[in-house]
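A.B. asks:
Protein chains: 2
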Amino acid sequence: MVSADTLQRVLESARELNYRTNAIARSLRTQRSQTVGVVIPDIANPLFPRIVRGIDDALEDVRYTSLVTYTDGRDDRLLERFELLRQRGVDGLLVATARHSDPALDMLVAARVPVVQINRRTQNQAIPSVTPDDRGGIRSAVEFLAELGHRKIALLAPPQTHSTGRARIAGFRTAMRRAGLDVPAGLVQSARAVTLEEGARICTSLLDAHPDVTAIVAGNDLMALGCYDSLRAAGRRCPDDVSVIGFNDMAFAERFDPPLTTVRFDHYEMGATAVGVLLRRLRPSESEAEPVHVELETRLVVRGSTAPPP
Amino acid sequence: MVSADTLQRVLESARELNYRTNAIARSLRTQRSQTVGVVIPDIANPLFPRIVRGIDDALEDVRYTSLVTYTDGRDDRLLERFELLRQRGVDGLLVATARHSDPALDMLVAARVPVVQINRRTQNQAIPSVTPDDRGGIRSAVEFLAELGHRKIALLAPPQTHSTGRARIAGFRTAMRRAGLDVPAGLVQSARAVTLEEGARICTSLLDAHPDVTAIVAGNDLMALGCYDSLRAAGRRCPDDVSVIGFNDMAFAERFDPPLTTVRFDHYEMGATAVGVLLRRLRPSESEAEPVHVELETRLVVRGSTAPPP
DNA sequence: TCTCGTGTTGCGAACGTTTGCAACCTCACT
DNA sequence: AGTGAGGTTGCAAACGTTCGCAACACGAGA
Chain P
0 MVSADTLQRV LESARELNYR TNAIARSLRT QRSQTVGVVI PDIANPLFPR IVRGIDDALE
60 DVRYTSLVTY TDGRDDRLLE RFELLRQRGV DGLLVATARH SDPALDMLVA ARVPVVQINR
120 RTQNQAIPSV TPDDRGGIRS AVEFLAELGH RKIALLAPPQ THSTGRARIA GFRTAMRRAG
180 LDVPAGLVQS ARAVTLEEGA RICTSLLDAH PDVTAIVAGN DLMALGCYDS LRAAGRRCPD
240 DVSVIGFNDM AFAERFDPPL TTVRFDHYEM GATAVGVLLR RLRPSESEAE PVHVELETRL
300 VVRGSTAPPP
Chain F
0 MVSADTLQRV LESARELNYR TNAIARSLRT QRSQTVGVVI PDIANPLFPR IVRGIDDALE
60 DVRYTSLVTY TDGRDDRLLE RFELLRQRGV DGLLVATARH SDPALDMLVA ARVPVVQINR
120 RTQNQAIPSV TPDDRGGIRS AVEFLAELGH RKIALLAPPQ THSTGRARIA GFRTAMRRAG
180 LDVPAGLVQS ARAVTLEEGA RICTSLLDAH PDVTAIVAGN DLMALGCYDS LRAAGRRCPD
240 DVSVIGFNDM AFAERFDPPL TTVRFDHYEM GATAVGVLLR RLRPSESEAE PVHVELETRL
300 VVRGSTAPPP
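Chains P and F, in that order, give the protein sequences. Using numbering that gives the first Met the number 0, read the first sequence as starting at 0 and increasing by one per residue. Using numbering that gives the first Met the number 0, read the second sequence as starting at 0 and increasing by one per residue.
1) Note down, in chain order, all residues in the region 45 to 56 of chain F with a beta-carbon under 9 Å from any beta-carbon belonging to chain P.
2) Hey, is the region 283 to 302 of chain F in contact with the region 70 to 85 of chain F, meaning 3+ C-beta pairs nearer than 8 Å?
3) So if I threshold CB-CB distances at 7 Å, which residues from the region 244 to 268 of chain F count as touching chain P?
4) Whole angstroms are fine: how far does the CA of S304 of chain P sit from the CA of T222 of chain P?
5) For A174 of chain P, collect the residues of the same chain with a Cβ closer than 7 Å to its Cβ; drop the 5 residues on either side in sequence, then sort them by chain order.
6) Beta-carbon within less than 7 Å of R134 of chain F's beta-carbon, same chain only, minus the 5 sequence neighbours each way: which residues are those?
7) Tell me the rounded alpha-carbon separation between P40 of chain F and C226 of chain P.
8) Report the residue ranges of all beta strand (DSSP E) runs contained in full by the region 188 to 276 of chain F; include only those spanning at least 3 residues, in chain order.
9) Name, please, each residue of chain P whose Cβ falls closer than 9 Å to the Cβ of T272 of chain F.
10) From the beta carbon of G88 of chain P, is the nearest beta carbon of chain F less than 7 Å away?
11) Under the three-state reduction of DSSP, which class applies to I117 of chain F: helix, strand or coil?
12) Can you find the residues in the same chain that come closer than 8 Å, C-beta to C-beta, to V89 of chain F, ignoring five residues on each side of it along the sequence?
13) Comparing alpha-carbon positions, which option in F:S26, F:L93, F:G72 lies nearest G53 of chain F?
14) Strictly under 7 Å for the Cβ-Cβ distance: is A43 of chain F near chain P by that measure?
15) Name, please, each residue of chain F whose Cβ falls closer than 7 Å to the Cβ of V67 of chain P.
16) Taking only runs of the alpha helix (DSSP H) that begin and end inside the region 112 to 192 of chain F, which ones reach a length of at least 4 residues, in chain order?
17) Less than 7 Å separating the beta-carbons of S229 of chain F and T213 of chain F?
18) Apply the 10 Å Cβ neighbour rule to Y333 of chain P and answer buried if 16 or more other Cβ atoms are within range, or exposed otherwise.
19) Could you check whether the Cβ of I152 of chain F sits closer than 7 Å to any Cβ belonging to chain P?
20) Do we get a CB-CB distance below 7 Å when we pair A233 of chain P with the residues of chain F?
21) Which residues in chain F sit within 9 Å of L10 of chain P, going by Cβ to Cβ distance?
22) Could you tell me which residues DSSP pairs with S65 of chain F in its beta bridges?
23) Closer than 8 Å is the cut-off here; do at least three beta carbon pairs connect the region 233 to 242 of chain F with the region 55 to 63 of chain F?
24) Taking DSSP as the reference, what is the three-state secondary structure of V301 of chain P?
25) So, under 8 Å CB-CB, G91 of chain P and V114 of chain P are touching, yes? Tell me the CB distance rounded to an integer number of Å.
26) Quick one: is L144 of chain P near chain F, going by C-beta distance under 7 Å?
27) Considering only DSSP beta bridges, list what H292 of chain P is partnered with.
28) Give the C-beta separation of A156 of chain P and A190 of chain P to the nearest angstrom, bearing in mind that I take them to be a contact with Cβ-Cβ under 8 Å.
29) Anything in chain F within Cβ reach of A22 of chain P, meaning under 7 Å, just list it in chain order.
30) Listing by chain order, which chain P residues have their CB less than 7 Å from the CB of L224 of chain F?
31) Interface residues of chain P around S32 of chain F at Cβ under 7 Å?
32) Looking at the secondary structure, which residues open and close the alpha helix (DSSP H) in which G53 of chain P lies?
33) Suppose contacts are defined by Cβ-Cβ distances below 7 Å. Is D256 of chain F in contact with D256 of chain P by that definition?
34) Check the Cβ-Cβ distances between L58 of chain F and every residue of chain P, and say whether any is below 7 Å.
35) Any contact of the region 257 to 270 of chain F with the region 279 to 295 of chain F, i.e. 3+ C-beta pairs under 8 Å?
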């Protein structure tokens with residue numbers, strides 16, 4: 000539109016005065032901040048750094064920035080977090096704290112805030128989500144254990160209030176049925192939280208009640224580590240006496256003692272994909288489009304925490 | 000200033016219209032964004048999540064928000080990252096990527112941008128910093144090994160371009176001297192990067208050249224894990240044949256095989272303290288105050304990767 | 001009663017962009 | 001030469017706050 004020479008001179012003096020376009024002023028005028036809010040339980044939980052990294056890299060490609068905030072699993076903080084982010088003018092939200100029934104999320108869709116769920120999802124189908132294939136993952140774990148010869152397999156599931164809890168229980172039951180195995184009451188336990196300590200606690204009570212269990216599918220890697228502790232305390236060896244399988248393939252899982260057999264999916268990709276879904280929603284033309292629900296492929300990574308039953 | 004009744008009514012209708020003060024407009028007007036930029040190599044590096052968490056919690060107390068961005072160790076990206084954050088109008092910067100000589104940081108102080116360094120520092124004394132007590136930490140590691148009876152102790156230091164590299168070499172030399180031990184050339188090696196792979200590489204070449212080494216002090220926990228790999232590949236056992244000590248006490252270090260003996264300091268506190276220093280700098284009255292350099296106390300955590308020499 | 005000081009109220013400018021629109025210019029066609 | 005289309009230029013409004021300042025009211029002292 001202007002001559003190359005003028006452009007050159009403009010750019011030059013801009014650099015000279017070191018002009019920097021003021022993103023705040025731009026945001027105020029355009030009503031878009033090129034910013035998305037990310038709500039996770041805790042960045043220090045090993046599940047989340049790679050997710051966040053995937054988010055941030057994908058956002059950077061389109062010159063967006065993330066604002067990350069934490070709930071520490073305290074659901075009463077959710078609304079407050081959302082409020083904070085909206086004050087800051089985020090264009091959309093990436094939420095990894097969904098509960099099966101989640102008024103805070105419902106409120107967001109009512110307020111027409113673009114939201115995408117990560118890792119977990121609510122029953123409200125109107126909110127797009129990117130999650131692992133929980134059922135498939137658990138199924139591959141059960142199949143593997145069954146092939147090894149295990150018959151008494153227990154599941155330590157995430158809480159029933161999480162989609163991960165429900166989906167994994169469902170996946171477990173169908174896989175067991177297909178393998179021709181019983182699931183006696185008491186062999187499926189729901190945790191109150193997805194923590195190492197809770198994993199240990201449940202594992203201990205489970206083994207007390209059912210000493211003949213030879214394999215445990217844990218709700219995630221942290222809970223699997225809790226099982227390690229519990230087994231050690233009970234004088235049982237893993238994998239010789241009891242096999243353990245985790246979920247997530249957290250960083251350094253291959254270096255634990257024993258190296259953890261676990262269901263892997265790509266955390267980085269989960270974050271990046273969620274950004275893609277959100278950005279699509281952010282386009283005015285597609286803001287009302289049918290919500291997508293992406294399920295990420297899982298793969299069982301066999302390491303040292305699984306063996307044939309004794 | 001107004002009656003309690005009026006206040007009540009104002010607040011009520013504010014809630015009714017669900018008024019939300021627009022942080023962007025406020026920032027534009029006040030020229031303060033209540034935001035600080037955080038520059039780290041990579042959130043997926045296990046050192047950083049707890050630091051960032053400490054930062055964010057401390058910031059939240061004063062209603063600030065962080066904008067986190069990554070360099071992946073590519074120093075040429077630094078300026079670009081700074082530029083991005085300044086465009087976004089951050090009030091100050093927290094930088095964990097300092098090099099011993101660092102033009103990008105010098106540029107920031109020239110531009111009077113409030114900066115605090117975390118974990119590492121440049122030689123430019125004008126920039127406040129919060130770092131671990133590198134010398135003290137290494138000293139406690141060496142003293143412990145010497146007490147166990149080790150005589151041939153090697154150091155795999157971080158790069159010389161990092162303050163951590165220099166300080167740890169210095170600490171190593173004085174500790175060895177005090178213990179009455181020699182430091183032959185070749186027993187102090189500087190890494191090119193602070194990674195697991197680089198740790199393995201150096202460890203292998205070190206053990207080739209000096210097979211009589213019985214203990215290794217690694218630049219950090221990741222490099223220590225690299226030593227594990229290298230030792231295993233060489234058919235040497237840890238700690239029976241060679242002891243290994245790390246630095247940082249990264250998450251789950253106690254669960255590695257063997258559990259890692261390492262120098263611990265409080266990452267969370269490091270982040271929180273840095274925020275404190277930065278906030279003080281942000282006050283106009285103290286922006287020119289003498290820069291402080293906080294050194295965080297370290298403590299050796301003895302686990303299973305150390306034993307008397309064979 | 002007038003002046004001055006103190007305190008309150010309310011208006012409007014400013015922050016740095018983007019964007020719509022009016023004004024203007026050029027050129028071609030009638 | 002007049003008209004209109006197409007294109008360029010430049011100005012001003014607007015985004016949602018904060019904050020300085022003018023205007024005003026009130027009371028006290030001369």
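Idealized CB from N, CA, C, for every residue including glycine. Given the structure is predicted, the values throughout are model-derived calculations rather than measurements.
C.D. replies: Straight from the coordinates:
1) P45, F47, P48, R49, V51, R52, D55, D56
2) no
3) A250, F251, R254, F255, D256
4) According to the sequence as given, residue 222 of chain P is Met; it is not Thr. Straight-line Cα distance between these residues: approximately 13 Å.
5) I137, R138, V141, E142
6) A166, A169, G170
7) 33 Å
8) 214 to 217, 242 to 247, 260 to 263
9) The contacting residues do not exist; T272 of chain F stays about 17 Å from chain P at best.
10) yes
11) strand
12) S32, T34, V35, G36, L66
13) F:L93
14) yes
15) V67
16) 133 to 147, 162 to 177
17) no
18) Here chain P covers residues 0 to 309 and nothing more, so residue 333 of chain P does not appear.
19) no
20) no
21) The contacting residues do not exist; L10 of chain P stays about 15 Å from chain F at best.
22) F:V35
23) no
24) coil
25) 7 Å
26) no
27) P:S128
28) 7 Å
29) Q86, R87, G88
30) R254
31) I23
32) 47 to 60
33) yes
34) no
35) yes
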